[in-house]
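Encoded as structure tokens, the structure appears first; notes follow it.
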Amino acid sequence: MRPELERLQRIEDHLLHQPAADWYVQELVDADLAADTDLQRQLYQGLYVAGQQQLRRELAVIHQQLYGTKRPSRIAQCKALLSALRYQLRCYFFLAKR
1 MRPELERLQR IEDHLLHQPA ADWYVQELVD ADLAADTDLQ RQLYQGLYVA
51 GQQQLRRELA VIHQQLYGTK RPSRIAQCKA LLSALRYQLR CYFFLAKR
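Residue numbers 1 to 98, in full-length UniProt numbering, belong to the letters of the sequence shown in order.
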């Protein structure tokens, strides 16, 4: 593996698992390691926040679908169809009388 990837792997192991005892010493000696670790930590926090926001948006859409505008009940649908049928019949008989 390339050295950059090995370094990133070590940083991720440190952030995601129990930190090694000598990690803090390595950060004191290598300022770039401390900066890279902090940058990776901020990246993880940003991804976490973005994931939370996406979940909230998805839940809001689901909530709107479930509890938002209610679909008409079967009775309301039948009444609307009956009304349309009556109108069509009136038009038909009106035209038939002519």
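Beta carbons are placed, not taken as given, at the ideal position from N, Cα and C, and that holds for glycine.
The segment 72-82 touching the segment 38-47, judged by at least three CB pairs closer than 8 Å: With fewer than three CB-CB distances shorter than 8 Å, the segment 72-82 does not count as touching the segment 38-47.
Does Ser83 come out as helix, strand or coil in the three-state DSSP assignment? If DSSP states are grouped into helix, strand and coil, Ser83 belongs with the helices.
Within the continuous alpha helix (DSSP H) that includes His14, where are the two ends? In the DSSP annotation of this structure, the continuous segment of the alpha helix (DSSP H) that includes His14 starts and ends at Pro3 to Leu16.
Does DSSP put Ala21 in a helix, in a strand, or in coil? When DSSP states are grouped into helix, strand and coil, Ala21 belongs to the coil group.
What distance in whole Å lies between the Cβ atoms of Ala20 and His14, which are believed to be in contact at a cut-off of 8 Å? Contact flag correct, Cβ pair sits at about 7 Å.
Ends of the alpha helix (DSSP H) at Arg41? Run containing Arg41: Ala31 to Tyr67, per the alpha helix (DSSP H) assignment.
For Tyr92 and Leu81, what's the separation of their Cα atoms in angstroms? Their backbone Cα atoms lie some 16 Å apart in a straight line.
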